[in-house]
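S.K.:
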Amino acid sequence: MELTYATYLHLDQLLSLQQPRSHPEEHDELLFIVSHQAYELWFKLQLHELDKIKRDFRDNHLYGAIGTFKRVRTIMKVMVEQVDILETLTPMSFNSFRDRLEHASGFQSSQFREFEFVLGYKRAKMLEYQQQNTPAYEQLVRRLHEPSVVDSFYDFLEQHGVTIPAELRGRDATLPNIPNETVEEGILRLYKSQPHLEVLFELMTDFDEGFQEWRYRHIKLVERTIGSKHGTGGSLGVEFLKQSLFHPIFPDLWAIRHKL
Ligand code: HEM
248 MELTYATYLH LDQLLSLQQP RSHPEEHDEL LFIVSHQAYE LWFKLQLHEL DKIKRDFRDN
308 HLYGAIGTFK RVRTIMKVMV EQVDILETLT PMSFNSFRDR LEHASGFQSS QFREFEFVLG
368 YKRAKMLEYQ QQNTPAYEQL VRRLHEPSVV DSFYDFLEQH GVTIPAELRG RDATLPNIPN
428 ETVEEGILRL YKSQPHLEVL FELMTDFDEG FQEWRYRHIK LVERTIGSKH GTGGSLGVEF
488 LKQSLFHPIF PDLWAIRHKL
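Per the numbering used here: the sequence shown = residues 248 to 507.
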């Protein structure tokens, strides 16, 4: 059979995957489903691109990393803007089908945890909330043990003459990346001595800021939709989400800005 737009994109399958659980169907449940599915697709692409960035860093491929950071930063902006759409859902409208979600929550998104893990924000405890013995779980465990984008950034910096302390090199990969003054001094030197690297560092900062913006927008979305209620995932809701609100992915890039 000749390839068509529909067969190439598997549209029959894709468009049959939006299945509201409310009966009679609540009008806004489709918006809720489509929006979450769209985010899962963006997560999938972000993971794919971040894997490339890790390779670019390891291979000292500056322009590859710049091009791809430009892309992940732009996708992140779209992810932030998309919150606007769900904010057209009113608390009463969400309540009309919220019970049908049972304990399902974005909290259980394994791709979101992968996203955090690959970026070095590793919290092994988060595995407890994932369904075990599934391919997604195995993948997440792999991510937990793999070097993060920050570890690959160290490889890149080292190739530009930055000393990476042994304690960072030999660190337990399942723990979160943490800021380090020696690395910060090295980045500061590069900012001043190799101005073309500034383009990369600024794009990384854009991406990092974008992720924090997403967290902020998501919290406000939650607050306006369910207020102080607990989440369907069983957490305290807004209070739980605030714990990660200002968590930077590249703290070393933020730490030196007053010295630039
Ligand atoms: C009406 C819309 C939404 C509400 C009321 C809502 C509510 C919540 C709440 C209360 C939590 C805390 C965990 C829990 O106990 O459930 C949470 C976590 C989460 N939600 Fe949403 N959410 C909404 C939309 C979205 C969308 C569109 C996404 C996109 C994928 C999303 C992704 C997540 C993620 C990834 C977490 C875990 C965050 C973390 O661990 O830091 N949520 N959500």
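We treat Cβ as the ideally placed atom computed from N, Cα and C, and that holds for glycine.
1. For ligand 1, is there a heavy atom less than 7 Å away from the beta-carbon of residue 480?
2. Count the other C-beta atoms from every protein chain shown that fall within 10 angstroms of the C-beta of residue 290, then say buried if there are 16 or more, exposed otherwise.
3. Is any heavy atom in ligand 1 found nearer than 7 Å to the beta carbon of residue 417?
4. Sorry if obvious, but does the Cβ on residue 365 come closer than 7 Å to a heavy atom of ligand 1?
5. For a test of your reading of the model: does the CB of residue 283 fall under 7 Å from any non-hydrogen atom of ligand 1? Yes or no.
6. Evaluate residue 325 with the Cβ neighbour count: other Cβ atoms within 10 Å of its Cβ, from every protein chain shown; 16 or more gives buried, anything less gives exposed.
7. How is the alpha helix (DSSP H) around residue 428 delimited, first residue to last?
8. Run the proximity test for residue 286: is its beta-carbon closer than 7 Å to any non-hydrogen atom belonging to ligand 1?
9. Is the distance from the Cβ of residue 307 to the Cβ of residue 378 below 8 Å?
10. Please determine whether the Cβ atom of residue 313 lies at a distance below 7 Å from any heavy atom of ligand 1.
11. How far does the alpha helix (DSSP H) with residue 331 in it reach, from first residue to last?
12. Below 6 Å CB to CB, which residues in the same chain sit around residue 402 once its five sequence neighbours on both sides are set aside?
13. Between the beta-carbon of residue 417 and the beta-carbon of residue 327, is there less than 8 Å?
14. Considering Cα atoms alone, identify which of 503, 477, 494 and 492 is closest to residue 351.
15. Between residue 359 and ligand 1, is there a pair consisting of the residue's CB and a ligand heavy atom that are separated by less than 7 Å?
16. Going straight from the alpha carbon of residue 397 to that of residue 455, what length do you get?
17. Of the residues 314, 420 and 500, which one's Cα is nearest the Cα of residue 436?
M.R.: To lay it out plainly:
1. If you number the sequence shown from 1, residue 480 lands on position 233. Yes - ligand 1 has a heavy atom lying nearer than 7 Å to the Cβ of residue 480.
2. Taking the sequence shown and counting its residues from 1, one reaches residue 290 at position 43. Counting Cβ neighbours within 10 Å, residue 290 comes out buried, since at least 16 surround it.
3. Residue mapping note: residue 417 aligns to position 170 of the sequence shown, counting from 1. No.
4. Residue 365 sits at position 118 when you count from the first residue of the sequence shown. Answer for residue 365: no, Cβ out of range of ligand 1.
5. Within the sequence shown, residue 283 is the residue found at index 36, counting from 1. Distances from the CB of residue 283 to the heavy atoms of ligand 1 include at least one below 7 Å.
6. Numbered from 1 along the sequence shown, position 78 holds the residue referred to as residue 325. Exposed, since its Cβ has fewer than 16 Cβ neighbours within 10 Å.
7. Numbered from 1 along the sequence shown, position 181 holds the residue referred to as residue 428. It spans 428-440 - the alpha helix (DSSP H) in which residue 428 sits, taken as one unbroken run.
8. The residue given as residue 286 occupies position 39 in the sequence shown. Residue 286 Cβ: within cutoff of ligand 1.
9. As a working mapping, residue 307 is identified with position 60 in the sequence shown. As a working mapping, residue 378 is identified with position 131 in the sequence shown. Going by C-beta atoms, residue 307 is not nearer than 8 Å to residue 378.
10. In the sequence shown, residue 313 corresponds to position 66, counting from 1. Not under cutoff, so the answer is no.
11. Numbered from 1 along the sequence shown, position 84 holds the residue referred to as residue 331. Unbroken alpha helix (DSSP H) run through residue 331: 330-333.
12. As a working note, residue 402 is residue 155 in the sequence shown. Answer for residue 402: 304 and 305, listed in chain order.
13. Here residue 417 corresponds to residue number 170 of the sequence shown, with the count starting at 1. Here residue 327 corresponds to residue number 80 of the sequence shown, with the count starting at 1. No, they are not a contact pair.
14. If you number the sequence shown from 1, residue 351 lands on position 104. If we check each option's Cα against that of residue 351, 477 comes out closest.
15. On the sequence shown, position 112 is the one that residue 359 refers to. Yes, Cβ of residue 359 sits closer than 7 Å to a heavy atom of ligand 1.
16. By one-based count along the sequence shown, residue 397 stands at place 150. By one-based count along the sequence shown, residue 455 stands at place 208. The straight-line gap from Cα to Cα measures roughly 12 Å.
17. Translated into the one-based positions of the sequence shown, residue 436 becomes position 189. Comparing Cα positions, the closest option is 500.
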